[in-house]
Every structure is written in structure tokens, then in C-alpha cells.
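Basically this note's numbering = 1-based index in the sequence shown + 38. Yeah, the Cβ is synthetic: ideal placement off N, Cα and C, and Gly gets one too. Take a look at the structure below.
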Amino acid sequence: MGAINDWGQTLQRADRERLENLIWSLRGQDVSFVYLASWHDPLNNLPQYAASVFTAWRLPPDAVLVVFMRGEDRRWRVEARLGDQARARVASPEWEETLAEARIEANRAQPAFAVANLADRLLDLLVSGPKQPVETRRSWAWVYAVLALVGAGGVFLALRVFLCPHCLRPLRRRASFRGILWTCPRCRFTRTGLR
Numbered sequence: 039m040g041a042i043n044d045w046g047q048t049l050q051r052a053d054r055e056r057l058e059n060l061i062w063s064l065r066g067q068d069v070s071f072v073y074l075a076s077w078h079d080p081l082n083n084l085p086q087y088a089a090s091v092f093t094a095w096r097l098p099p100d101a102v103l104v105v106f107m108r109g110e111d112r113r114w115r116v117e118a119r120l121g122d123q124a125r126a127r128v129a130s131p132e133w134e135e136t137l138a139e140a141r142i143e144a145n146r147a148q149p150a151f152a153v154a155n156l157a158d159r160l161l162d163l164l165v166s167g168p169k170q171p172v173e174t175r176r177s178w179a180w181v182y183a184v185l186a187l188v189g190a191g192g193v194f195l196a197l198r199v200f201l202c203p204h205c206l207r208p209l210r211r212r213a214s215f216r217g218i219l220w221t222c223p224r225c226r227f228t229r230t231g232l233r
């Protein structure tokens, strides 16, 4: 079988040329991309059908088989099967996201658009490599730093208001006819409170 098996008649001439160019680019990344579009699933189980086709066609370990199947409800379903070498090169979370996007695009737009975008995204994944996980410690470090600054500011303000600036003894509160006064019992420093 060839790289493009469009028995579901999903590709126009321009779509086929675009997909062929992407397939050649993927071969440059050591991945064999195989597209199968059909209207009939003899097993009524698309993942099993994709696995059976992968085995029956004796696809190489670097192959990525993408199957677009039109169901009885006239909706396109998308499944993929990766050989061992291809699976080792393609990061699983990003590949699953790419497949999910293709499933949506196949029914919202056209299967030709979806398979071309899928091949293009696969090429991007292979060229850029797997995304490095974002370290959550760095984002939490900023939160901890801000909380530490706010806490330090609160402690500083509390110490400034409730401690004597001369001898660092706690100030005592007392009422007077002018309002609330804060006085130091040791050095007699006095601060007027807020009214």
C-alpha cells in the first residue's frame, strides 16, 4: 500500500499534493506517515481495525498510521497506530492533543484539512522535540516570596507601632483626655494613637 490510501474520497488534488509534501518532510525526520480513509469498518472497532491494518500491511517500526473512518452517523472518527520507533520519538501527551484536534477538525471542517494539519503538527513535534514540563516550583516560589514580603511588612509595621523605638520595649496603651496614648514604661516615650 502507498502512503496515501484515500478510499473514503476525502482529498482533492491540491489536498493530496499538500499531504504528499508533508509526508516527504516527515520522511526527512525518519517517520513513515501512512493515511487511510474509508467508509467501512468490518470490525466495528476502530482501534482494533487500525491495529489490524498496521499488522496486515506490515508497516515498518517507524510508521505512523492515521485512519479516518466515516461512521453510519456520517461523522468521521480518527484513530492512529504508531510503530515502536515512531512511538519512541513522539511525546504521548502532545500526540494525544494532536489526535483530539484532528477528531474535531475532521467533522467541523473537512478530513483533508484535518489530516494535513495532523501531519503538520506531527512534523512540528518531531522538529521541536518533546515539550519540557514547566516547573511549578518556580511559580510557587513567586507566591512564597510575595507572602514573605507581605508578612515581613506586617511584622515590621506591628513592631513599629507596638514597640518603643528607643528601647524596644512593648508600648502600653492608656486613655487620656486627648485620646489613646501609647507609652513606654521604661523610658517614658509617648506616641499618640489614632482617634
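According to DSSP, is VAL128 helix, strand or coil?
Against the sequence shown, residue 128 aligns to sequence position 90. If DSSP states are grouped into helix, strand and coil, VAL128 belongs with coil.
How would you label PHE92, buried or exposed, when you count the other beta carbons within 10 angstroms and need 16 or more for buried?
The residue you call residue 92 lines up with position 54 of the sequence shown. Classification of PHE92: buried, given that the 10 Å Cβ count is 16 or more.
Give the secondary structure of GLY217 by DSSP, where H, G and I count as helix, E and B as strand, and everything else as coil.
Along the sequence shown, one-based indexing puts residue 217 at 179. Residue state, collapsed to three classes: strand.
Just the C-alpha distance for ASP111 and LEU160, rounded to the nearest angstrom, thanks.
On the sequence shown, position 73 is the one that residue 111 refers to. On the sequence shown, position 122 is the one that residue 160 refers to. Computed Cα separation, rounded: 28 Å.
Taking the C-alpha atoms as reference points, what is the distance between PRO223 and PRO208?
Mapped onto the sequence shown, residue 223 falls at position 185. Mapped onto the sequence shown, residue 208 falls at position 170. Taking the straight line joining both Cα atoms gives about 8 Å.
Distance check for GLY189 and PHE151, CA to CA, integer angstroms please.
Taking the first residue of the sequence shown as 1, we reach residue 151 at position 113. Taking the first residue of the sequence shown as 1, we reach residue 189 at position 151. Using only the alpha carbons, I get a separation of about 55 Å.
Helix or strand or just coil, what does DSSP make of THR174?
Locating residue 174 in the sequence shown gives position 136, where the first residue counts as 1. Unreliable placement is indicated for THR174, whose pLDDT of 49 sits below 50; the coordinate value is still reported in the next sentence. Three-state DSSP puts THR174 in a helix.
Mind checking whether LEU163 and ALA140 have CB atoms under 7 Å apart?
Numbered from its first residue, the sequence shown carries residue 163 at position 125. Numbered from its first residue, the sequence shown carries residue 140 at position 102. No. Outside cutoff.
Starting from PHE151, trace the alpha helix (DSSP H) both ways and give me its first and last residue.
Reading the sequence shown from its first residue, position 113 is the one you call residue 151. That run of the alpha helix (DSSP H) goes 149-166.
If you drop the 5 nearest sequence neighbours on each side, which residues of the same chain put their C-beta closer than 8 Å to that of ALA126?
Walking along the sequence shown from the start, residue 126 turns up at place 88. Hits under 8 Å: none found.
I'd like to know if the segment 79-95 and the segment 47-57 are in contact, where contact means that at least 3 CB-CB pairs between them fall below 8 Å.
The segment 79-95 is not in contact with the segment 47-57.
Spatial neighbours of TYR73 within its chain, please: CB distance less than 6 Å, with the 5 preceding and 5 following residues excluded, ordered by chain position.
Residue 73 sits at position 35 when you count from the first residue of the sequence shown. Closer than 6 Å at Cβ, skipping near neighbours: ILE42, VAL104 and VAL153.
Buried or exposed for ASP100, please, with buried defined as at least 16 other CB atoms from any protein chain shown within 10 angstroms of its CB.
For the purposes of this step, residue 100 is taken as the residue at position 62 of the sequence shown. When all chains shown are included, ASP100 counts as buried.
Can you check whether the CB of TRP77 is closer than 7 Å to the CB of GLY46?
The residue you call residue 46 lines up with position 8 of the sequence shown. The residue you call residue 77 lines up with position 39 of the sequence shown. Result yes, Cβ atoms of GLY46 and TRP77 sit closer than 7 Å.
Out of GLN86, PHE227, ARG108 and VAL128, point me to the one whose CA is closest to ASN145's CA.
Position 107 of the sequence shown, counted from the first residue, corresponds to residue 145. If we check each option's Cα against that of ASN145, ARG108 comes out closest.
To which residues of the same chain is THR228 closer than 8 Å at the C-beta, ignoring the five residues directly before and after it?
Your numbering for residue 228 matches position 190 in the sequence shown. Cβ neighbours of THR228 beyond the five flanking positions: LEU219, TRP220, THR221 and CYS222.
Apply the 10 Å Cβ neighbour rule to LEU257 and answer buried if 16 or more other Cβ atoms are within range, or exposed otherwise.
Coverage of the chain is limited to positions 39 through 233, which leaves residue 257 absent and any answer about it impossible.
When the Cα of GLN148 is compared with those of ALA129, ARG113, ASP122 and TRP62, which residue comes out closest?
Stepping through the sequence shown from its first residue, residue 148 is reached at position 110. Cα-wise, what sits closest to GLN148 is ARG113.
To the nearest angstrom, how far is it from the Cα of HIS204 to the Cα of LEU195?
Translated into positions along the sequence shown, residue 204 becomes position 166. Translated into positions along the sequence shown, residue 195 becomes position 157. Computed Cα separation, rounded: 16 Å.
Could you tell me which of ALA75, VAL102 and LEU97 sits nearest to LEU64, measuring between CA atoms?
For this step, residue 64 is matched to residue 26 along the sequence shown. Among ALA75, VAL102 and LEU97, the Cα nearest to that of LEU64 belongs to VAL102.
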